[in-house]
Amino acid sequence: MTETTARPASLHSYLAYRDAPKALRWLEQAFGFETLMEFPDDKGLIQHAELRRGGASIIVFSAEDDYDRATRKGETVGHGLYVSLATQEAVDAVFTSAIEAGAKPVWEPANTEWGNYRCRVDDLEGYEWTFGTHIPGEPQADWS
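For what it's worth, full-length UniProt numbering labels the leading residue of the sequence shown as 1, then goes sequentially.
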């Protein structure tokens with residue numbers, strides 16, 4: 001299968017939350033996502049929801065007790081999501097709103113040696129989120 005310019009590949013994350021309805025509201029409040037669609041079942045669990053902030057989109061669903069997770073094949077050294085924002089002010093603002101909403105700070109906003117301005121927080125169920133000004137896949141003018 002080849003890539004086409006009509007529809008190039010794109011990457012979207014899907015996240016299971018134990019309390020997905022609460023997570024949807026929290027992601028809106030803390031990170032500024034907009035819920036585009038939400039499909040709850042008759043028990044109030046989220047079967048599928050899609051959220052967007054600018055060009056970043058995620059899929060969220062309820063992790064039920066019978067949710068069939070893939071077997072882990074080993075330990076990872078980290079996990080997380082990265083969201084590119086346009087300005088340092090936007091990174092500062094999302095860090096502030098996330099902390100006010102109860103996120104656990106991992107890294108306060110700061111410049112990196114490679115020219116990115118970023119922050120990192122853990123969300124209400126432990127997912128690690130990094131917000132920064134670098135756009136992955138694009139050349140960085142300040143690379144050392």
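Here a beta-carbon is modelled for each residue, glycine too, at the ideal position from N, C-alpha and C.
When Cβ pairs closer than 8 angstroms are counted between the two stretches, the region 86-101 is seen to touch the region 114-125, the count reaching three or more. For the pair GLU34 and LEU51, the CB atoms are nearer than the 8 angstroms cut-off. Excluding residues up to 5 positions away in sequence, GLU50, LEU51, ARG52 lie with their Cβ nearer than 7 angstroms to the Cβ of LEU36 in the same chain. Rounded to the nearest angstrom, the gap between the Cα atoms of PRO139 and ARG7 is 22 angstroms. The alpha carbon of PRO136 has as its nearest neighbour, out of TYR82, LEU124, GLU128, the alpha carbon of TYR82. Burial of LEU27 is indicated by the presence of at least 16 other C-beta atoms within 10 angstroms of its C-beta. About 7 angstroms separates the beta carbons of ALA23 and GLU125, which is inside the 8 angstroms limit, making them a contact pair.
Secondary structure of PHE131 (DSSP, three-state): strand.
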